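**Student:** According to this note's numbering, the sequence shown is numbered sequentially starting from 20. Glycine is no exception: its CB is placed at the ideal position from the N, C-alpha and C atoms. Given the structure is predicted, the values throughout are model-derived calculations rather than measurements.
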Amino acid sequence: MAFEFWFEDETRSLLQSFLKQLQQIMNSIVYEGYLFKHEVRLHDEPREYLIPVFESELPEAFSRTETAIFEASDEALSRHGLSGAALQSKLRLLQFLGRRFIDGLVDTLRFLLVQINSLLGSIQNATGWGDFIKEIKDAIENSIDYVRRA
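Shown next as structure tokens:
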């Protein structure tokens with residue numbers, strides 16, 4: 020399943036959902052070698068370096084980022100495009116790109132990862148948290164050996 024959001028949810032709940040889905044996606048790539056239904060093969064050596072991070076620091080980074088979202092002011096979220104129509108457009112683009120990737124447009128993965136970076140950057144700017152998650156997501160992206168269509 021690609022990214023899915025319930026747009027009637029409150030802003031912070033939407034951002035929480037994004038983080039939870041992103042964590043699942045990252046875990047799926049590193050531990051299982053799949054994103055949605057496509058094989059995403061990482062080079063073995065970087066994968067070995069990533070696993071300890073996934074087992075120690077990364078869960079706490081997601082938890083702290085989620086807490087920071089709930090503690091951030093409405094003004095800070097709004098200033099960084101994390102509310103209203105701006106947030107919905109970012110999340111809808113994630114859904115669209117995820118569906119295109121699932122449908123077999125493997126090259127769409129690059130655009131999906133760029134959009135994830137955009138949203139993580141806004142979260143980091145609004146809350147001061149999320150940069151570590153972005154760095155690890157980038158490490159995964161830079162470690163991809165190949166993607167094979169299902």
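Alpha carbon to alpha carbon, how far is serine 141 from isoleucine 163?
**Tutor:** Translated into positions along the sequence shown, residue 141 becomes position 122. Translated into positions along the sequence shown, residue 163 becomes position 144. Taking the straight line joining both Cα atoms gives about 25 Å.
**Student:** For tyrosine 53, write down the residues that DSSP places opposite it in a beta bridge.
**Tutor:** Taking the first residue of the sequence shown as position 1, residue 53 is located at position 34. DSSP lists Glu58 as partners of tyrosine 53.
**Student:** State the beta-bridge partners of isoleucine 163 as determined by DSSP.
**Tutor:** Your numbering for residue 163 matches position 144 in the sequence shown. According to DSSP, isoleucine 163 bridges with Leu61.
**Student:** Use the C-beta contact count for alanine 104: other C-beta atoms within 10 angstroms, 16 or more gives buried, fewer gives exposed.
**Tutor:** Position 85 of the sequence shown, counted from the first residue, corresponds to residue 104. So alanine 104 counts as exposed.
**Student:** If you pair each beta-carbon of the segment 58 to 65 with each one of the segment 129 to 149, do three or more pairs fall below 8 Å?
**Tutor:** no
**Student:** Would DSSP call glycine 117 helix, strand or coil?
**Tutor:** Indexing the sequence shown from 1 puts residue 117 at position 98. Correct three-state label for glycine 117: helix.
**Student:** From arginine 66 to glutamate 160, what distance separates their C-alpha atoms?
**Tutor:** For the purposes of this step, residue 66 is identified with residue 47 of the sequence shown, where counting begins at 1. For the purposes of this step, residue 160 is identified with residue 141 of the sequence shown, where counting begins at 1. Looking at the backbone, the Cα of arginine 66 and that of glutamate 160 are separated by about 11 Å.
**Student:** Here's the rule I'm using: 16 or more other beta-carbon atoms within 10 Å means buried, otherwise exposed. How should threonine 146 be labelled?
**Tutor:** Your numbering for residue 146 matches position 127 in the sequence shown. So threonine 146 ends up on the buried side.
**Student:** Along the chain, where does the alpha helix (DSSP H) containing phenylalanine 81 start, and where does it finish?
**Tutor:** Taking the first residue of the sequence shown as position 1, residue 81 is located at position 62. Here the alpha helix (DSSP H) through phenylalanine 81 covers 76 to 90.
**Student:** Would you tell me roughly how many angstroms separate the C-alpha atoms of arginine 83 and glutamine 42, rounded to the nearest one?
**Tutor:** Position 64 of the sequence shown, counting from 1, holds the residue named residue 83. Position 23 of the sequence shown, counting from 1, holds the residue named residue 42. Their backbone Cα atoms lie some 13 Å apart in a straight line.
**Student:** Along the alpha helix (DSSP H) that carries alanine 95, what are the first and last residues, could you check?
**Tutor:** If you number the sequence shown from 1, residue 95 lands on position 76. That run of the alpha helix (DSSP H) goes 93 to 98.
**Student:** Is any beta-carbon of chain D found at less than 7 Å from that of valine 166?
**Tutor:** Here there is only one protein chain, and chain D is not present.
**Student:** Roughly how many angstroms separate the alpha carbons of phenylalanine 115 and leucine 138, rounded to a whole number?
**Tutor:** Indexing the sequence shown from 1 puts residue 115 at position 96. Indexing the sequence shown from 1 puts residue 138 at position 119. Approximately 15 Å, taken between the alpha carbons.
**Student:** Do phenylalanine 89 and arginine 31 count as a contact pair if the criterion is CB distance below 7 Å?
**Tutor:** In the sequence shown, the residue the question calls residue 31 occupies position 12. In the sequence shown, the residue the question calls residue 89 occupies position 70. A contact, by the Cβ cut-off of 7 Å.
**Student:** Give the DSSP-derived three-state secondary structure of valine 16 in the structure shown.
**Tutor:** Nothing can be reported for residue 16: it is not among the residues displayed for the chain, which extend from 20 to 169.
**Student:** Give the secondary structure of arginine 168 by DSSP, where H, G and I count as helix, E and B as strand, and everything else as coil.
**Tutor:** What you label residue 168 is simply residue 149 of the sequence shown in a count that begins at 1. Correct three-state label for arginine 168: coil.
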